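Scroll down for the structure; my scribbles are underneath it.
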Amino acid sequence: MSEEDWKGNIDSRKMSRRRFIKGTTAAGVALTLVGIDPNSGTFKAAFAKGASKPEKWFLSVCPYCGVGCGVEVGVASGKVVAVKGMKDHPVNKGRLCILGKNLVDILYTNDRALYPMTRRGERFNRIGWNEATDRVANQLKQTIDRYGPNSVAMYISASEYNEEYYIYNKFVKGCLGTNNLESSARLCWASGVVGLVKAFGADAPPCAYDDVEKADLFFMTGYNVYSSKPVFFRRIIKAKYRNNTKLIVVDPRNTNTADFADRHLRIKPGTDVILHNTLANILIQEKLINEREARQLTENYDAFKQHVNKFTAAMASEATGLSVTEIVETARDIGRAKAGLFLWGQGLNQSNIGTRKVTSLLNIVFITGNIGKPGAGPMAITGQTGAMGLREVGGLPHLLPGFRKVTDDKARDEIAKIWGVDPNRMDSANGKTLPAILEGIDKGQIKALWIIHSNPAATFPDSNWVRKVLSKTEFLVVQDCYHPTETSKYAHLILPGAQWSEKAGILTNSERGLNLVEQAVMPPGEAKPDLEIVMDVAKKMGFSQQFPYNNTEEIFEEYKRCCQGRPCDISGITYNRLRIDKGIQWPVPALDHQGTKRRFLDKKFPKGKLRLNLHEHQEAAEVPDKNYPILLMTGLVFGQYHSRTRTSKVPALNRAVSEAFAEINPSDARKYRLWDGEMVKVSSKRGTVTVRAKVTDSVMAGTVFLPYHFAYLAGKDKAINSLTNRAFDEFSQQPEYKACAVKIERT
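Under my numbering, the first residue of the sequence shown is numbered 13, with each subsequent residue one higher.
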């Protein structure tokens, strides 16, 4: 093959798009590339094929990412027939991305779970609800009686409603007596949250989406916002062009987001801590910060200054692959900014040193004084719509409602009183994270696992191992709105839950904004709202007094008592108020309180002062070697979501991304004699997948990118997480999805 052949074998679409963007300052053109017509105030309603005109519209929120776009759901003859963006919603002002526009298609599919089923061998047989909940209640009681409360666990989705998290929390921690309540947020934002706690002293999202229009610098790292949060990205790009806001993107890949950047720092994968420490050192050495203010804000500025002193631009250049000029000019851009907004995503979080990456970024935020003022601060938008609410409600193994800790005696007493349980029944030790739960099953310590709307057989790393572990579980309940999923095939019992538009509740988005989701239709078949299922089991286990509720509003009113006087005080929120005041941000301590757009304007932080964390670089847990010479990075792509459990049902989304692929650098394609468009095998020490090669300079030589959305239901050799490594951040226990060693071969 000639050199010219190889040059023609490169996907040059990104390069031509980038040149096009750089050649224009027209915001409208840029916004069109994000898939939104800049001249339209809103998207028109999206109707189901052949649908009737809606008879009634209901308030809702998009069930995908943590931006929290307001949606109206149109219903006719008891079915959802249309969706449209909510015009008066402050988050999206009527706009929806491609996922939101196609929500109707996720509801009426032939793989909805319609009735309870029990496994007999390899087959599932239909049973009644009474038998199903009897079996769950009896099995949990027998397991706890024999092995103790910590022999059972519940694993839930971070895309559920606050009332659901509250019921799960009360049932597991207050009634069963174990803190083994874990969530899929572990896989997405655990390192980001732990980073905030280590730096602020508490889980403290400080910013508002409105800060986008007030910033004069966006520093965006490990975050392909174009693909993951299109509506929010539209807002960023609109502000960039209208206000001449500088956009700096740090990413090893040349992503759609990077195409819009004023400066794209194509950093070597995993070297973020070195870059952050070096930027901080340059800011200090060139006197681009107010040292007096930095000392006032932080508790250990002088120790930090000494720590980063060794991180020179020359050293960082060698480590990161960036030029000295790029590094120095980036520091100067940060130092010159009057208000800088620092945004990060899974590129930082999903790492064995994810917490270190996040806290080293927050160090820059703090020493530059980009906190407690409009247009400035750290902004982290979660990947799942309920992830913020999950944290405040306490749906994690170390938390109780109102950001209380399970290890705090006073906190347990306070919550036990509200819950009507004996505080001595509640465990005083942190529960198990998902990695520990799966290890516990493997070692015979966890006997029963109840999974609600989550799919760990697809989403957890080293998925071949996960499948073996799930097959060993003595009692596995999978509660989902779909069957089969990669996980449900291992269940002993399947419980059909409701999904978006089929149940009611409140969601908290990533800027702490609360939104009401109204039930628009009944669930199909015998499916039930998920909290009703859990409460039915709880009552059969003898906890009827703890679950007296007639509706979700009553649950919310009890939950509010847990938040009174806490950082997330929502005493001033009611269901009726949210029908008018959409997206109001906590704390909202009284009915006449207008909410809190930005936190820490008074510079009063949870621990008095902010903490600068001192960290060194650390290599990935698994690095390339002679047998596996390529570094694998996984991530999301535009038009798909997580394990595709929902998005795989949508024809429009499957047309956007129909199959898994491997982005391969031209030099590696030449080295391994791979052609663009041909099928290739990508193998790690744990598994092999067969995917289509996409030869492109979007990835660096020596690296390959695969979209993590594809799992076993896409094909037995399509499970991307069969490649990834069971390595975890020591502080957050979040898995490393961005680095493992693979080899690539022709099929």
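Where a beta carbon is used, it is the ideal one built from N, C-alpha and C, also for glycine.
Computed from a prediction, not measured in an experiment: that's the story for all the values here.
Reference residue 80; option with closest CA among 393, 261, 342, 115 = Taking only the C-alpha atoms, the option nearest residue 80 is 393.
Tell me whether residue 566 sits in a helix, a strand or coil according to DSSP, three-state version.
-> The answer is helix: DSSP assigns residue 566 an H, G or I state.
Looking at the unbroken alpha helix (DSSP H) that takes in residue 242, where does it start and where does it end?
-> From DSSP, the alpha helix (DSSP H) with residue 242 extends over 242-255.
Out of curiosity, what's the CA-to-CA distance linking residue 195 and residue 168?
-> Taking the straight line joining both Cα atoms gives about 5 Å.
Quick one: grab the DSSP three-state call for residue 48.
-> With a pLDDT of only 47 at residue 48, under 50, the local geometry of the prediction cannot be trusted, and no value is derived from it.
On a CA-only basis, which of 549, 602, 553, 590 is nearest residue 575? Give me that one, please.
-> The shortest Cα separation from residue 575 among 549, 602, 553, 590 belongs to 602.
Going by DSSP, what residues sit across from residue 8 in a beta bridge?
-> No statement about residue 8 is possible, as the shown extent of the chain runs from 13 to 759 and does not include it.
What did DSSP end up calling residue 64 once you bin it into helix, strand or coil?
-> Residue 64: coil per DSSP, three-state reduction.
Quick one: residues in its chain with C-beta nearer than 6 Å to the C-beta of residue 119, no 5 flanking neighbours on either side, listed in chain order?
-> Excluding sequence neighbours, residue 119 sits near 92.
Work out the CA separation of residue 69 and residue 52 for me, nearest whole Å.
-> For residue 52, the pLDDT reaches just 37, beneath the cut-off of 50, and the residue's location in the model is therefore unreliable, although a value from the coordinates is still provided. So the two alpha carbons sit approximately 22 Å from each other.
For residue 289 and residue 335, the rounded distance between their alpha carbons = Roughly 16 Å between the two C-alpha positions.
How long is the line joining the alpha carbons of residue 627 and residue 608, rounded to whole angstroms?
-> Using only the alpha carbons, I get a separation of about 33 Å.
Where does residue 137 land, buried or exposed, given buried means 16+ other C-beta within 10 angstroms?
-> So residue 137 ends up on the exposed side.
8 Å Cβ shell around residue 439 - same chain, five flanking residues per side excluded = Counting only Cβ-Cβ distances below 8 Å, and skipping sequence neighbours, we find 161, 162, 185, 189, 190, 191, 418.
Name the two residues that bound the continuous alpha helix (DSSP H) containing residue 629.
-> Counting along the chain, residue 629 sits inside no alpha helix (DSSP H), nor does DSSP assign it H or E at all.
Hey, residue 405 and residue 174: beta-carbon distance below 8 Å or not?
-> In contact: residue 405 and residue 174 (Cβ atoms closer than 8 Å).
Answer with buried or exposed for residue 613, where buried requires no fewer than 16 other C-beta atoms within 10 angstroms of its C-beta.
-> Residue 613 comes out exposed.
Proximity below 8 Å, CB of residue 317 to CB of residue 296 = Between residue 317 and residue 296, the gap from beta carbon to beta carbon is short of 8 Å.
Selected residue, minimal CA-CA separation from residue 557, among 432, 252, 544, 326 = Comparing C-alpha distances from residue 557 to each of 432, 252, 544, 326 shows the shortest one belongs to 432.
Residue 360 beta carbon less than 8 Å from that of residue 374 = When the beta-carbon positions are compared, residue 374 and residue 360 stay at least 8 Å from each other.
Hey, how far is the Cα of residue 651 from the Cα of residue 77?
-> Within the model, the alpha-carbon separation for residue 651 versus residue 77 is close to 12 Å.
Look at residue 94 and residue 66 and say whether their C-beta atoms are less than 8 Å apart.
-> Going by C-beta atoms, residue 94 is nearer than 8 Å to residue 66.
How far does the alpha helix (DSSP H) with residue 212 in it reach, from first residue to last?
-> Start and end: 202-212.
Going by beta carbon distance, what residues of the same chain come within less than 7 Å of residue 371, once the five residues before and after it are set aside?
-> Closer than 7 Å at the Cβ level, and outside the excluded window around residue 371, lie 207, 210, 211, 625, 627.
Could you tell me the boundaries of the beta strand (DSSP E) in which residue 423 lies?
-> Following the DSSP letters along the chain, one finds residue 423 in no beta strand (DSSP E) but inside the alpha helix (DSSP H) bounded by residues 421-431.
Just the Cα atoms here: how many angstroms apart are residue 659 and residue 615?
-> For residue 659 and residue 615, the distance between alpha carbons rounds to 43 Å.
Short Cβ contact (8 Å threshold) for residue 365 with residue 100 = Result no, Cβ atoms of residue 365 and residue 100 do not sit closer than 8 Å.
Straight-line CA distance for residue 305 to residue 379?
-> For residue 305 and residue 379, the distance between alpha carbons rounds to 8 Å.
DSSP state of residue 418, grouped into three classes?
-> In the three-state DSSP reduction, residue 418 falls in the coil class, being neither helix nor strand.
Would you please state the rounded distance, in angstroms, between the beta carbons of residue 749 and residue 646? I believe it to be under 8 Å.
-> Indeed they touch by this definition, with Cβ atoms about 5 Å apart.
Cutoff 6 Å; reference residue 115; Cβ partners in own chain excluding five residues on either side | These residues qualify, in order along the chain: 95.
With DSSP collapsed to three states, give me the class of residue 706.
-> Reduced to three states, the DSSP call for residue 706 is strand.
Burial state of residue 696, where buried means 16 or more other Cβ atoms lie within 10 Å = Buried.
Leaving aside the five residues before and after residue 58 along the sequence, list all residues of the same chain whose C-beta is less than 6 Å from its C-beta, in chain order.
-> Closer than 6 Å at the Cβ level, and outside the excluded window around residue 58, lie 95, 113.
Extent of the continuous alpha helix (DSSP H) to which residue 454 belongs = For residue 454, the enclosing alpha helix (DSSP H) stretches over residues 446-454.
Element boundaries [beta strand (DSSP E), containing residue 165] | Residue range 164-168 is occupied by the beta strand (DSSP E) that includes residue 165.
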